[in-house]
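Novice:
In the working numbering, the protein residues as written are 55 to 488.
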């Protein structure tokens with residue numbers, strides 16, 4: 055090996071260790087960057103020619119990335135901050151509703167927040183992608199090996215249509231001591247809210263009038279305008295195992311003006327009220343409780359409890375917030391109390407995460423080394439669940455990086471010594487001629 059070759063080897067050592075210092079510096083600078091994955095250089099020896107006995111030619115640094123090692127997860131106060139508890143990557147795009155698949159990338163940086171149009175975008179400016187959900191809450195058939203069916207997750211000015219009420223369950227206790235009096239008292243009146251097909255809230259009133267006969271009550275139903283729809287009598291059991299429950303329903307009367315109507319099924323304790331709320335009348339079933347059963351109307355001594363109801367239907371609503379569950383389902387929460395699935399966030403999986411090609415903003419691209427793309431759903435085995443109100447920290451260990459920095463500094467100084475020593479040897483060679 056010649057003196058000049060020795061100098062070149064020393065120079066290769068200086069270059070390789072300089073690259074290592076660059077990796078370490080980048081790691082330390084990004085120690086607080088959410089989702090950042092550390093890079094490092096592996097030192098690889100070089101030889102001249104293909105002969106195994108060839109003399110050495112120095113060293114080079116091969117940069118690698120520790121992408122598969124996860125960072126610590128910390129809590130935040132934002133519902134759209136997301137962290138992955140395990141393997142997988144969020145799919146993001148450079149622009150909202152990106153049509154060019156080349157502009158999609160993967161990331162672990164989940165600091166998403168809505169922009170002025172409601173699109174979820176992270177701190178690096180990349181938009182979160184997901185599969186849109188249909189009215190039934192399903193995503194349908196989608197391509198899980200490409201980005202073609204993905205859309206930008208948007209939680210902006212969305213509305214939900216009103217839903218007409220079709221069923222109401224009623225619970226109430228009627229005071230047994232109010233019946234059987236020579237002069238019955240005034241009826242107990244409560245109202246029930248229902249929604250029309252246009253989402254408008256209206257109220258139906260129900261009056262329970264005690265009679266002079268013990269345990270007998272007359273129920274009268276009236277619409278939102280106060281017009282009487284119909285009535286029925288209910289007699290309660292006063293003894294035995296079913297004491298306090300309805301015994302029978304009788305004397306059903308339809309008092310409504312068509313197209314409104316009133317009907318009652320005495321066997322089930324269900325009133326069917328037809329309301330004149332549009333060109334097509336609206337039917338609402340009101341469940342009061344079957345004979346000899348509890349769970350609806352009851353009659354026990356004490357006070358009138360008022361109506362406790364549960365019903366379907368809702369007014370039209372505007373999106374006020376969003377929440378994301380562990381399965382990656384994005385739900386919209388509306389001001390009418392409704393909660394509706396909007397998007398399913400997939401997580402990208404590759405065979406070799408450390409083989410992904412790094413890009414700006416903590417993003418990665420598919421490469422030959424990483425293997426092909428698979429879009430999976432969180433918690434489905436290969437990828438972990440998603441945590442809202444959380445972010446993944448960098449996987450950089452600053453103490454380890456500083457230790458490596460000291461080692462690299464020593465190695466760099468040693469290689470510099472090779473260069474200076476070789477220079478002195480060349481100087482001595484020149485002195486021979488003199």
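Every residue, glycine too, gets a C-beta built ideally from N, C-alpha and C.
Around the Cβ of residue 374, are there at least 16 other Cβ atoms within 10 angstroms (buried) or fewer (exposed)?
Specialist: To locate residue 374, count along the chain shown from 1; it is residue 320. Residue 374 should be labelled exposed.
Novice: By DSSP's criteria, residue 173 is part of a beta bridge. Which residues make up the other side?
Specialist: For the purposes of this step, residue 173 is taken as the residue at position 119 of the chain shown. Paired residue(s): 208.
Novice: Could you spell out the range, first to last residue, of the beta strand (DSSP E) harbouring residue 403?
Specialist: In the chain shown, the residue the question calls residue 403 occupies position 349. Its beta strand (DSSP E) spans residues 400-403.
Novice: If you check the beta carbons only, do residue 275 and residue 367 fall under 7 angstroms apart?
Specialist: In the chain shown, the residue the question calls residue 275 occupies position 221. In the chain shown, the residue the question calls residue 367 occupies position 313. No, they are not a contact pair.
Novice: In chain order, what residues of the same chain have a beta carbon less than 8 angstroms from the beta carbon of residue 346, not counting five sequence neighbours either side?
Specialist: For the purposes of this step, residue 346 is taken as residue 292 along the chain shown, with counting starting at 1. Hits under 8 angstroms: 291, 296, 299, 300, 301.
Novice: Express the C-alpha separation of residue 465 and residue 171 in angstroms, rounding to a whole number.
Specialist: As a working note, residue 171 is residue 117 in the chain shown. As a working note, residue 465 is residue 411 in the chain shown. One C-alpha to the other measures close to 53 angstroms.
Novice: Tell me the DSSP bridge mates of residue 158?
Specialist: Counting from 1 along the chain shown, the entry for residue 158 is found at position 104. DSSP, once it has assigned bridges, lists 147 as partnering residue 158.
Novice: Taking the beta strand (DSSP E) that residue 22 falls in, what are its first and last residues?
Specialist: This structure cannot settle anything about residue 22, because the visible part of the chain is limited to 55 through 488.
Novice: Should residue 360 be listed as close to the ligand FMN, given that the test is whether its C-beta is under 6 angstroms from any heavy atom?
Specialist: By its list of ligands, the structure shown contains no ligand whatsoever, and the ligand FMN lies outside what it can speak to.
Novice: Does DSSP put residue 348 in a helix, in a strand, or in coil?
Specialist: Looking up residue 348 in the chain shown gives position 294. In the structure shown, residue 348 sits in coil (DSSP, three-state: anything other than H, G, I, E or B).
Novice: Just mark residue 405 as buried or exposed, buried being the case when its beta carbon has 16 or more other beta carbons within 10 Å.
Specialist: For the purposes of this step, residue 405 is taken as the residue at position 351 of the chain shown. It counts as exposed.
Novice: From the DSSP output, which residues share a beta bridge with residue 300?
Specialist: Position 246 of the chain shown holds residue 300. 290.
Novice: Among 421, 269, 319, which residue has its Cα nearest to the Cα of residue 408?
Specialist: Within the chain shown, the letter at position 354 stands for residue 408. Of 421, 269, 319, the residue nearest in Cα terms is 421.
Novice: Contact between the stretch 451-463 and the stretch 57-64 is defined here as three or more beta-carbon pairs at a separation below 8 angstroms; is this criterion met?
Specialist: no
Novice: What span of residues does the beta strand (DSSP E) with residue 443 cover, start to end?
Specialist: Counting from one through the chain shown, the residue named residue 443 turns up at place 389. Counting along the chain, residue 443 falls outside any beta strand (DSSP E), and DSSP gives it neither H nor E.
Novice: Compare the beta carbon distance of residue 492 and residue 410 with 7 angstroms and say whether it is the shorter of the two.
Specialist: The question about residue 492 has no answer here: the residues shown for the chain are numbered 55 through 488.
Novice: Please determine, among 476, 66, 198, 234, the residue with the shortest C-alpha to C-alpha distance to residue 268.
Specialist: Counting from one through the chain shown, the residue named residue 268 turns up at place 214. Nearest of 476, 66, 198, 234 to residue 268, Cα basis: 234.
Novice: In this structure, how does DSSP classify residue 54 when only helix, strand and coil are distinguished?
Specialist: Residue 54 is absent from the structure shown; the chain starts at 55 and stops at 488.
Novice: Residue 459 by DSSP, collapsed to three states: which one?
Specialist: Translated into positions along the chain shown, residue 459 becomes position 405. Helix at residue 459.
Novice: Residue 338 to residue 365, Cα distance in whole Å?
Specialist: Working through the chain shown from its first residue, we reach residue 338 at position 284. Working through the chain shown from its first residue, we reach residue 365 at position 311. Straight-line Cα distance between these residues: approximately 10 angstroms.
Novice: Grab me the residues of residue 211's own chain with a C-beta within less than 8 angstroms of its C-beta, minus the 5 sequence neighbours each way, in chain order.
Specialist: Taking the chain shown and counting its residues from 1, one reaches residue 211 at position 157. Excluding sequence neighbours, residue 211 sits near 172, 372, 373.
Novice: Report the residue from 287, 330, 329, 334 whose alpha carbon sits nearest the alpha carbon of residue 318.
Specialist: Translated into the one-based positions of the chain shown, residue 318 becomes position 264. It is 287.
Novice: Bridge partners for residue 87 per DSSP, in chain order?
Specialist: Here the question's residue 87 lines up with position 33 in the chain shown. Its beta-bridge partners do not exist; DSSP assigns none.
Novice: Roughly how many angstroms separate the alpha carbons of residue 266 and residue 221, rounded to a whole number?
Specialist: Position 212 of the chain shown holds residue 266. Position 167 of the chain shown holds residue 221. It is roughly 32 angstroms from the alpha-carbon of residue 266 to the alpha-carbon of residue 221.
Novice: Return the Cβ separation of residue 438 and residue 142 in integer angstroms, given the expectation that the two are a contact with Cβ distance under 8 angstroms.
Specialist: Position 384 of the chain shown, counted from the first residue, corresponds to residue 438. Position 88 of the chain shown, counted from the first residue, corresponds to residue 142. Their Cβ separation, rounded to whole angstroms, is 6 angstroms, which keeps residue 438 and residue 142 in contact under 8 angstroms.
Novice: So, with DSSP's three-state summary, where would you put residue 180?
Specialist: Position 126 of the chain shown holds residue 180. Coil, per DSSP.
Novice: In the DSSP assignment, find the unbroken beta strand (DSSP E) run with residue 263 in it and report its ends.
Specialist: Along the chain shown, read from residue 1 onward, the residue named residue 263 stands at position 209. Where residue 263 is concerned, the enclosing beta strand (DSSP E) stretches over 255-264.
Novice: Pull up the DSSP beta-bridge partners for residue 337, would you.
Specialist: By 1-based counting over the chain shown, the position of residue 337 is 283. In DSSP, residue 337 forms a bridge with 328.
Novice: May I ask you to list the residues that DSSP assigns as paired with residue 226?
Specialist: For this step, residue 226 is matched to residue 172 along the chain shown. Answer by DSSP bridge pairing, in chain order: 351.
Novice: Under 7 angstroms, do residue 278 and residue 256 count as touching if we go by C-beta distance?
Specialist: Counted from its first residue, the chain shown places residue 278 at position 224. Counted from its first residue, the chain shown places residue 256 at position 202. Cβ atoms of residue 278 and residue 256: closer than 7 angstroms.
Novice: Tell me the DSSP secondary structure of residue 67 in three-state form.
Specialist: In the chain shown, residue 67 corresponds to position 13, counting from 1. Helix at residue 67.
Novice: Can you give me the Cβ contacts of residue 120 inside the same chain, cut-off strictly under 8 angstroms, excluding the 5 residues immediately before and after it?
Specialist: Counting from 1 along the chain shown, the entry for residue 120 is found at position 66. Cβ neighbours of residue 120 beyond the five flanking positions: 91, 92, 93, 94, 408, 449.
Novice: Quick check: what's the CA-CA separation for residue 311 versus residue 329?
Specialist: As a working note, residue 311 is residue 257 in the chain shown. As a working note, residue 329 is residue 275 in the chain shown. Approximately 10 angstroms between the Cα atoms of the pair.
Novice: Is the number of C-beta pairs between the stretch 71-85 and the stretch 115-130 that are closer than 8 angstroms three or more?
Specialist: yes
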